[in-house]
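Structure first, then comments.
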Amino acid sequence: MAQHDRRSFLKLTALAGAFSSNSFFQQAHAEEWQAAASAVHHHDAATVAQNEDFWSVIQRGYSVSPLILNLNNGGVSPAPIVVQEAVARYNQMTNEGPSYFMWQILDQGREPLRQKLARLAGASAEEIAINRNATEALNTIIYGLPLKTGDEVVGCKFDYPNMMNAYRQRAERDGIVYKQVTFKFPVEDVDAIVKTYEQAMTPRTKLVHITHVVNWVGQIMPVQQIADMAHAHGAEVIVDGAHSFGLLDFRIPDLHCDYFGTSLHKFLSAPIGSGMMWVKQEKIAKLWPLTCYGDPHSPNIRKFEALGTRSFPIEQGIGEAINFHEAIGSRRKQERIHYLKSYWATRVREIKGVTLHTSLDPRFSCAICGVSVEGYTPTELMNTLFDRYKIHTVGIDYEGVRCIRVTPHVYTTLADLDRFVNAIGELAAGKKA
Ligand SMILES: Cc1ncc(COP(=O)(O)O)c(C=O)c1O
1 MAQHDRRSFL KLTALAGAFS SNSFFQQAHA EEWQAAASAV HHHDAATVAQ NEDFWSVIQR
61 GYSVSPLILN LNNGGVSPAP IVVQEAVARY NQMTNEGPSY FMWQILDQGR EPLRQKLARL
121 AGASAEEIAI NRNATEALNT IIYGLPLKTG DEVVGCKFDY PNMMNAYRQR AERDGIVYKQ
181 VTFKFPVEDV DAIVKTYEQA MTPRTKLVHI THVVNWVGQI MPVQQIADMA HAHGAEVIVD
241 GAHSFGLLDF RIPDLHCDYF GTSLHKFLSA PIGSGMMWVK QEKIAKLWPL TCYGDPHSPN
301 IRKFEALGTR SFPIEQGIGE AINFHEAIGS RRKQERIHYL KSYWATRVRE IKGVTLHTSL
361 DPRFSCAICG VSVEGYTPTE LMNTLFDRYK IHTVGIDYEG VRCIRVTPHV YTTLADLDRF
421 VNAIGELAAG KKA
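The opening position of the sequence shown corresponds to residue 1 in full-length UniProt numbering, with each subsequent residue numbered one higher.
What follows is the structure in structure tokens.
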């Protein structure tokens, strides 16, 4: 193929990959997935959650290592093979002429991608900015709000450290007052949670920060109810959706918040290093961008995307992750991952010496569940599971929570979870090395 023809071909495939149903996903999976979906189309999501034939098709879309059992998908999730292939293709294309292929070809995919993310979020595309992770999204909001000395922010001791530290920095730099409520998780009482936040509110409270799914133990917070309470007190609401977006089936506007930030490389399985922020239309103008923009007071959401040179292949790979996600279906995915969590958790909780640290009620948890075994510190349990069984989890020892955090994903099999349950059983039976 002549150089010119080859370039045109690459240009076309890039556009197709970014914008149309002629996607990497379509090429790799359409036939098999359509057959799997039509076999279960008459069942509701909770029933499909237990159909191993259906999920075996999804599992094959990933390339996870057979050497270890990864049960820390809460930290970061792997991208499906089609997403990896899209990134590799875009990366190869980029390196054939970076400034041309990035800024004239791949960049054209940003607006269609914004539309696609907006559809997934149930929001307007004019409220969606694409960036690199939840930290960038939420720090943009936290540093961008025009808070002044004496203004109060209410957060929680179980928010994510990068956000707590951003408020501490604002307290030091701008004199805001940062208050933190706390909980003894699990909590299955919505009113009690709302009340805890409400008791910290004063007439000076300008902002309430809510972590939708608490990373430490997986508690789902009643965001809408907390947000309604905060608004009734005249405060705005930021939601950290790092662990909820792409996992729970919800529309961002239904949370009733004003600002929302998330990573896309967790449950959405987008390329690692991708994130998104959502800002309610009428709030955009007053929010300062974190990185420079010609008119910082612009009401255009794109003012938050002046990030300089970054990975366009990763950004465009997000579209393939959305294809993959949508082909599963949000409700089915949430139900399946909840089913996987319940599968292992209901088995280990019968074992003597084992304690769960997370609710099993689907209103209060989904993927993440904490578990401890008598006689093991969190670090000992994490290390023993890995050394002896090659099972990767993460130890949590924070604010009185002492457990390992276990997080399956759609590619996790029941056999994987049986292996984990057996390991916990052996350790609880006192086989400490
Ligand atoms: C609740 C929560 N918020 C934010 C983040 C930060 O995500 P990222 O590292 O992608 O910025 C995490 C990461 O685990 C998290 O658990």
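Glycine is no exception: its CB is placed at the ideal position from the N, C-alpha and C atoms. The structure presented is a predicted model; accordingly, all values stated were derived computationally and were not measured.
Exercise. Who pairs with methionine 221 in a beta bridge, going by DSSP?
Worked result: Beta-bridge pairing links methionine 221 to no other residue.
Exercise. Whose C-alpha, out of Leu307, Val354, Asp416 and Ser359, is nearest the C-alpha of glycine 430?
Worked result: Val354
Exercise. Which class does glutamine 3 belong to by DSSP, given the choice of helix, strand or coil?
Worked result: With a pLDDT of only 46 at glutamine 3, under the threshold of 50, the placement of this residue in the model should not be trusted, and no figure is reported.
For this session: Would you check if there are 3 or more beta carbon pairs closer than 8 Å linking the segment 42-60 to the segment 320-339?
Result: yes
Exercise. Nearest-angstrom Cα distance between proline 146 and tyrosine 167?
Worked result: 13 Å
Problem set entry | Secondary structure of arginine 251, DSSP reduced to three states | coil
Exercise. Comparing alpha-carbon positions, which option in Gly275, Thr407, Ala423 and Gly370 lies nearest alanine 121?
Worked result: Gly275
Exercise. In this structure, what does DSSP give as the bridge partners for isoleucine 128?
Worked result: Trp278
Problem set entry | Other residues of its chain near glutamine 316: CB distance less than 6 Å, five sequence neighbours each side excluded | Ala18, Tyr90, Leu106 and Gly109
Exercise. In this structure, does DSSP put isoleucine 68 in helix, strand or coil?
Worked result: coil
Problem set entry | Cα-Cα separation, aspartate 53 to histidine 43 | 14 Å
Exercise. If we count Cβ pairs, one from each stretch, closer than 8 Å, do we get three or more for the segment 54-66 versus the segment 397-413?
Worked result: yes
Problem set entry | Rounded Cβ spacing between arginine 405 and glycine 74 (contact assumed at less than 8 Å) | 6 Å
Exercise. Excluding sequence positions up to five away, which residues of its chain have a Cβ less than 6 Å from the Cβ of tyrosine 389?
Worked result: Ala423
Exercise. Taking the C-alpha atoms as reference points, what is the distance between leucine 427 and arginine 402?
Worked result: 17 Å
Exercise. In three-state terms, what does DSSP make of glycine 261?
Worked result: strand
Exercise. Do three or more CB pairs link the segment 295-303 to the segment 167-183 at distances below 8 Å?
Worked result: no
Exercise. Quick one: any contact between the segment 157-171 and the segment 188-202, if contact means 3 or more CB pairs under 8 Å?
Worked result: no
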